[in-house]
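A.B. asks: Below you'll find the structure I mean.
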Amino acid sequence: MKIRKPKLSDGRRIWRLVRDSGVLDINSAYCYLLQCRDYADTAAVAEDADGLAGFVTGYRPPERPDVWFVWQIGVAPRARGQGLAKRLLRDVLTRHDDLRHVEATIEPGNQASRALFASLANELSAPMLESDGFEAHHFPDGHEPEPRIHIGPFSPPYRERPLGGPVLNRLSEVRQ
1 MKIRKPKLSD GRRIWRLVRD SGVLDINSAY CYLLQCRDYA DTAAVAEDAD GLAGFVTGYR
61 PPERPDVWFV WQIGVAPRAR GQGLAKRLLR DVLTRHDDLR HVEATIEPGN QASRALFASL
121 ANELSAPMLE SDGFEAHHFP DGHEPEPRIH IGPFSPPYRE RPLGGPVLNR LSEVRQ
């Protein structure tokens, strides 16, 4: 599995993955093209032998440059259950030494995303708070509200922890 910054040509592939997921909110193809071109520094794609396996898109709000707002994250069915979503988040975090907060909006029923961000907060040793985000009436017909999830502050620079956790990693360092 290779994780990298997206290129313009990834926009249509991301759009297809979202469309085919049947569960993610689909944005216009133009939106994904812009995210891949103009926000590649705050996005990542994962590829395997079968093509696009997952993606994360986001941006840094101009008035809060130490925040990374995660716009959307998706993983192809064949790549689910392997920790890819977390690896995509880590990839972006490792590229930015000045980030202190991560935010997203998540529907109350999206337990997988809630668990992902709770796990990230734990890994970052940072609090995770929920506050008002977007109410149902802000959206067109029939969309659930999306409360805002805020993780942080955390201490930068974030560096991906090797698999095994801090105790196992320290033990492996002692053995060397």
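Under full-length UniProt numbering, think of the first position of the sequence shown as 1, with each following residue one higher.
Using N, Cα and C, we set each Cβ at its ideal position, and we do this for glycine too.
Since this is a predicted model, take the numbers as computed values, not measurements.
Does the distance from the CB of Leu116 to the CB of His150 come in under 8 Å?
C.D. replies: Not a contact, by the Cβ cut-off of 8 Å.
A.B. asks: May I ask which residues mark the beginning and end of the beta strand (DSSP E) holding Ala44?
C.D. replies: Looking at the DSSP string, the run of the beta strand (DSSP E) that includes Ala44 is Ala44 to Asp48.
A.B. asks: From the DSSP output, in three-state form, read off Pro166 for me.
C.D. replies: Low confidence applies to Pro166: its pLDDT is 45, below 50, so where it sits in the model is not reliable enough to give any reading.
A.B. asks: Please state whether the Cβ-Cβ distance between Glu103 and Val67 is less than 8 Å.
C.D. replies: Yes, the pair counts as a contact, with Cβ atoms nearer than the cut-off.
A.B. asks: Counting Cβ pairs, one atom from each stretch, are 3 or more of them under 8 Å apart for the stretch 83-97 and the stretch 133-145?
C.D. replies: Not touching, per the Cβ criterion.
A.B. asks: For chain B, find out if any of its Cβ atoms is closer than 8 Å to the Cβ of Gly81; answer yes or no.
C.D. replies: Going by chain labels, chain B is absent from the structure shown, which holds only one protein chain.
A.B. asks: Is Arg13 near the ligand FAD - that is, is its Cβ less than 7 Å away from at least one heavy atom of it?
C.D. replies: With respect to small molecules bound, the structure shown includes none, and the ligand FAD cannot be examined in it.
A.B. asks: Pick helix, strand or coil for Asp10, following the three-state DSSP scheme.
C.D. replies: In this structure, Asp10 counts as helix in the three-state DSSP scheme.
A.B. asks: Restricting to runs no shorter than 4 residues, where is the alpha helix (DSSP H) found entirely within the stretch 82-140?
C.D. replies: Within the stretch 82-140, the complete alpha helix (DSSP H) runs of at least 4 residues are 84-94 and 111-124.
A.B. asks: Could you give the distance in angstroms between the alpha-carbon of Glu123 and the alpha-carbon of Val18?
C.D. replies: If you take the alpha carbons of Glu123 and Val18, they lie about 27 Å apart.
A.B. asks: Can you list, in chain order, the residues of its chain with a C-beta nearer than 6 Å to that of Ile73? Leave out the 5 residues immediately preceding and following it.
C.D. replies: So the list reads Val56 and Ala85, once near-sequence residues are dropped.
A.B. asks: Shortest alpha-carbon distance to Lys2 belongs to which of Ser21, Arg87 and Tyr30?
C.D. replies: Checking every option, the nearest Cα to that of Lys2 belongs to Arg87.
A.B. asks: Val75 to Phe134, Cα distance in whole Å?
C.D. replies: Whole-angstrom Cα-Cα distance: 24 Å.
A.B. asks: Starting from Ala53, follow the beta strand (DSSP E) in both directions and report where the run begins and ends.
C.D. replies: First-last of the beta strand (DSSP E) with Ala53: Gly51 to Tyr59.
A.B. asks: How is the alpha helix (DSSP H) around residue 181 delimited, first residue to last?
C.D. replies: Any question about residue 181 goes unanswered here, given that the chain covers just 1 to 176.
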